[in-house]
Structures are given as C-alpha cells and as structure tokens.
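There are 2 protein chains.
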Amino acid sequence: MTVTALKAQTTERVRSVAAMLEEEIVLGWLLPRERLVEEELAERLSVKRHVVREALADLERVGLVERIPNRGAVVKLLDPLEVRQIYSVREVLETLAAEQIPLPVSPVVLERLRVVQKQHAAAVDAADARAAFRANMIFHETLFRACGNPHLVELIQGLAQKVHGARSITAASAEHLTLARDEHAAMVEALAVGDRERLVALCRQHLGPSRDAYIAAVEARFTRQATPGSAIKA
Amino acid sequence: MTVTALKAQTTERVRSVAAMLEEEIVLGWLLPRERLVEEELAERLSVKRHVVREALADLERVGLVERIPNRGAVVKLLDPLEVRQIYSVREVLETLAAEQIPLPVSPVVLERLRVVQKQHAAAVDAADARAAFRANMIFHETLFRACGNPHLVELIQGLAQKVHGARSITAASAEHLTLARDEHAAMVEALAVGDRERLVALCRQHLGPSRDAYIAAVEARFTRQATPGSAIKA
DNA sequence: GTTGCCAGGATTGTCAACAATTATGTCGAA
DNA sequence: TTCGACATAATTGTTGACAATCCTGGCAAC
C-alpha cells in the first residue's frame, strides 16, 4: 500500500527495507524458517540487491533473522526457552522504566499517548493489523520514553524487536488485539491519575498473553518430534 | 601485531575488523571525534572497503561510532549525561545477572573464572593494556553468563560496548587497572564461598570508577566553552 | 572586510558483472 | 533399490569502477 521509500537518503532506504521486512514478519507474511532470497526481495521491493543485503544484516543484528554463510537468511524461529528468557528481561526493564517515569507525567506526553492510543484502538476495531502494529510500537515508545533514559528505551525496543517474529501469532488475533487495546487505555488512565503501582502492574501484565500464546503455538506447531499423535494438519 | 583474520568465513572478517576497531578505540588509538575513512581503514587492515563498511555499520548499531550520510563515520563522543544513563542501566542489569547466578556456582565456571582472572592480573602487572582489555571482556562475559540468560548477557555486553569509547581514559591507567584486578579477585572469592550479597555489591562498585573517571575527563578536556583560561595545550 | 560563488578534491554511495560456494538432480555401479 | 560421484543450477560473496555528495579554498563582488 504505502510506498515508503521514494527517494530516501541512502542509508534510510536500508532502514526502510528492514522495517518493511520486519512488518511482514510480524504480520505473518513471512513465517519462521522461511528463506529470504536477496534477489527475490530486491525485485519485490524495487531496490537493488545491495540494499536488501544490508537490511538483512541489520535484521540479523537485531535477531529477527538468521544468516548462514553462503546459504542465506531465514526468519529466525525462537524456541520457547529463548522467548521466556527474553520476556523475563523485558519484564524487568519495562517495569524499571515505568517506575522511573516522573509523576505527574507531562501533559504533552499524556496527550500524545491519548492520540496514539486512539489510533491503536481504531486500528484494532477496523481489524487493520498493520496499522495496529504500528500504533502499538509508537504507543510503547512514547510511554517508555517518558522515563527519561533513552538508552533504557533502546534496550526495551530491541528486546521487543527480537520477539517480533513471535508476534505473528498474536498480531492478527482479534482477541489479543482487543485485550491490548483495553490495557493501553488502562495504562493511559493510570498515568493520568498518577497511579504508579497500577501502571507498573499493567506493564507487567501486558507482556504475558503474547508470550504465552507464542509458546503454546510453537509447541503445538513447530516442534518436530513433539505431539507424536498429531501429524501435520494444515 | 596479531594478524587475526587470515582466511575467515567472510562475515567473520567483518566481526574481526569491528573488533579491531573497537580495541583501537578502547585503547585510545582512535580518539573521539576522529574520522574513520573507509578506504584508509581498508588499506591499513588489509581488507576491502566493503568489509570496513559493514564493520562500521556494526559499530554504529552498537553505538561506538556515528555515521552521517555521505560524510562518513567518527568515533562517538558520549556526553556525561549519556554515560550516566548508560551506567545506571548497566548497574541494574549487572546486579540482576549477579542475583540470578545459581549458587553454589558450577566448579567448571569457577575454574574458568580463576584462569581468566589470573590472565587479567598478569596483563595488568605487565602493563599490557590490550591483553588486560581482552581478559577483562572475557572475565565479565564468563561471570555473567553464569546467570543462565544469554539475552541478559547480550544486553550487558552491548551496554559495556557502548561505553568502550569512554574507557580509553581508564583502560591505560595503571591505577584503575590494578583496582579492577583486585575487584575481580574479590568477585571470584565471593563466588567461591557463595556470598551472593558480597558478589552483587562488588559488581555494583565495580562500575563506579571508570564512569566517574570518564565524566571527569570529558568535562575537563572535551567540552568547548568550559575551561576558558586554558587554551589548547597539546 | 565580509559574503557569495564556483571549481577542485576527497569521500561515500551505487551498481553490475564476476567468482566462490552450496544445494539439487542425474547417472552408473554394487 | 541404494549409494556415491559428478555435473548443473541457484544463491551468496567479492570486486572494481562509476556516480553522487559534501567539504575546502580561492576569487570576485558588494
């Protein structure tokens, strides 16, 4: 739909391509273990192979993609243990950030959060997974940025990216999206009334569902020797 | 001195070059604000420009280097605020890791730590800054790995890398090196006797000196409008 | 004396072709 | 039929040249 890169400043195009691929992974267009062939992507995204190459290197650094020398890149499949480990660190960091947000929060931040939250809610109600994903990203960035430590925010975002591959399960699920929508609203409210305890609790709760859903999905679908009775279904 | 990359597996060479540059930054060979010209580095390190390019992209993502489109890369100068912010997160994460190390620690880890600690001590006593730097990196990686969460370790290492540029002040200082040496020994001891509280306290203390030294050095040397009486000296 | 402009040089960004490596498929022998 | 060697195809990795961009310094105009 949106032609993001028109005449970007070189390195911007790389970022743009990386972001597009990231979105496709999150939205389930690209599934775990799927091969990412440079030339193919280059043609599809209307950029040169060189750019795709750099973008894939970026995604590898982030942890969304795995690159084997001379064999190419595949979207990385996180095993449940890794997911648990990542989420446990996320919990600590997001809790920490929430605790450090100065209360009462600045009105401008609060207003921005309200706006983004409304956009997210609208996207969820319209079942627009892509818009919901984007609004969700912006919401959390805006929220955690209020803690005042950009490096902490960067870490939180990095960890979120790492499990983006895991989000393809929840990113399209109406149930999860509405839950997230309501939790966002609750967060804004807690922030508005200056209830830190509630805010922190909400942030912690917020992580659980997507983690559990992914672990359940992986254990049901992607493990090889598990679930001996059920053969491949779909 | 050491010809690290002889016939590495492509992507390994990029890592190798990035590591070399990182070392040169830490050891003060490359100073903040110094330009990193691709072709020059390529010739000096006997690799193609392409490899240097990717290595610089790596270092940019890590935060050691700043890259401006069409203008090239410079080693990043962290302002004191950033250093404080990074160290505050480091403190949380390293404390967390130390708290999660299962005690008593496995004998094999303890033995490995002892070996590395001895190497570090030897390097410090021999005033070999490079060897000390390497041993120091390995020591902390070995220590924190024992916490069992690789992603937490990765974050800790990433933050450590970010302030590597800041370490050029302390990495060559005999005073700081001997202090670090003794603290490492104390950590191993605390680990050996299973004294968690002491271990955590040591980890926390361990961070302070280099942070303070860097902030002091930056405020004395690199700020522009400060120190109005003293003109450029060297 | 200051400002604006243009040429020259240095450096990064782009590209397409080529080399190297790995996977795939076929054929023959046991 | 199964196994292994070999040829072939698909894909990544590398290279050098070229284009675009940005800084530098000098010169002229105000």
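So the sequence lines, in the order shown, correspond to chains A and B. Residue 124 in this note's numbering sits at position 122 of the first sequence, with consecutive numbering throughout. Residue 110 in this note's numbering sits at position 108 of the second sequence, with consecutive numbering throughout. Even for Gly, the Cβ is constructed at its ideal location relative to N, Cα and C.
Under the rule that 16 or more other beta-carbon atoms within 10 Å means buried, what is residue i, buried or exposed?
i	result
A:D184	exposed
A:H52	exposed
A:I70	exposed
B:A59	buried
A:Q207	exposed
B:A228	Low local confidence applies: a pLDDT of 38 at B:A228 is under 50, so the model's placement there is unreliable, with the coordinate-based value given in what follows. Flag for B:A228 reads exposed.
B:S48	exposed
A:N72	exposed
B:T172	buried
A:R213	buried
B:R15	buried
B:K164	buried
B:A128	exposed
B:A176	exposed
A:P109	exposed
Tell me which residues share the same chain as residue i and place their Cβ nearer than 7 Å to its Cβ, disregarding the 5 neighbours each side in the sequence.
i	result
B:R132	E25, L29
A:I27	L66, V77, H166, G167, S170
B:N138	H122, A182
A:V5	Residue placement at A:V5 is poorly supported in this model, since its pLDDT is 32, which falls under 50; the coordinates still yield a value, given next. Nothing meets the Cβ criterion.
B:L105	G196, R198
A:Q119	F141, H186, A187, V190
B:G160	V64
B:P82	I217, V220, E221
B:V19	L47, V49, V53, V54, A57
B:E41	R51
A:R200	A192
B:V107	A148, L193
A:H178	T172, P211, S212, A215
A:L204	E185, A188, M189, A192
B:R17	none
A:T180	V126
Going along the chain, which residues of its own chain have a beta-carbon closer than 6 Å to the beta-carbon of residue i, five neighbours each way excluded?
i	result
A:G231	Note that A:G231 scores a pLDDT of 37, beneath 50, so its modelled location is shaky; the value from the coordinates is reported in the next line. Hits under 6 Å: none found.
A:V111	A148
A:A125	A133, A134, A137
B:Q87	none
B:L43	V54
A:L32	E26, V77
A:E68	V76, K78
A:A246	Past the edges of chain A, shown from 3 to 236, lies residue 246 of chain A, and the structure says nothing about it.
Using a cut-off of 7 Å between C-beta atoms, extract the partners of residue i located in chain B.
i	result
A:L98	V94
Could you list which residues in chain A have their beta carbon closer than 7 Å to that of residue i, in chain order?
i	result
B:A88	First, the residue type needs correcting, since residue 88 of chain B is Ile and not Ala in the sequence shown. Near B:I88 (Cβ distances below 7 Å), the residues of chain A are H153.
B:E56	A59
Give the residues of chain A in contact with residue i, contact being defined as C-beta atoms less than 8 Å apart.
i	result
B:T13	R69, P71
Could you name the residues of chain A that residue i contacts, counting a contact when the two beta carbons are closer than 9 Å?
i	result
B:R183	None at all; the shortest Cβ gap to chain A is about 28 Å.
Residue i versus chain B: which residues are under 9 Å apart at the beta carbon?
i	result
A:V91	L95, L98, N151, H153, L154, L157
Quick one: which chain B residues come within Cβ less than 8 Å of residue i?
i	result
A:R63	D60, R63
Keeping to the same chain, check which residues put their C-beta closer than 8 Å to that of residue i; ignore five residues upstream and five downstream.
i	result
A:I158	R92, L95, E96, A99, H142, F146
A:A174	L29, G30, A131
A:L154	L95, L98, A99, Q102, F146
A:V85	V165, A168, R213, Y216, I217, V220
B:T144	V111, R114, L115, V118
B:T13	none
A:V202	T97, A100, E101
- Message: Short of 9 Å Cβ to Cβ, which residues in the stretch 146-173 of chain B face chain A?
- Response: G150, N151, P152, H153, L154, E156, L157, G160, L161, K164
- Task: Please determine if the stretch 77-89 of chain B and the stretch 28-40 of chain B are in contact, where contact requires at least 3 C-beta pairs separated by less than 8 Å.
- Result: yes
- Message: With three or more C-beta pairs closer than 8 Å as the rule, is the stretch 56-65 of chain A touching the stretch 105-121 of chain A?
- Response: no
- Message: Please identify, using Cβ separations under 9 Å, the residues of the stretch 67-85 of chain A that lie next to chain B, in order along the chain.
- Response: R69, P71, N72, E84
- Using a beta-carbon distance cut-off of less than 9 Å, what residues from the stretch 35-46 of chain B approach chain A? none
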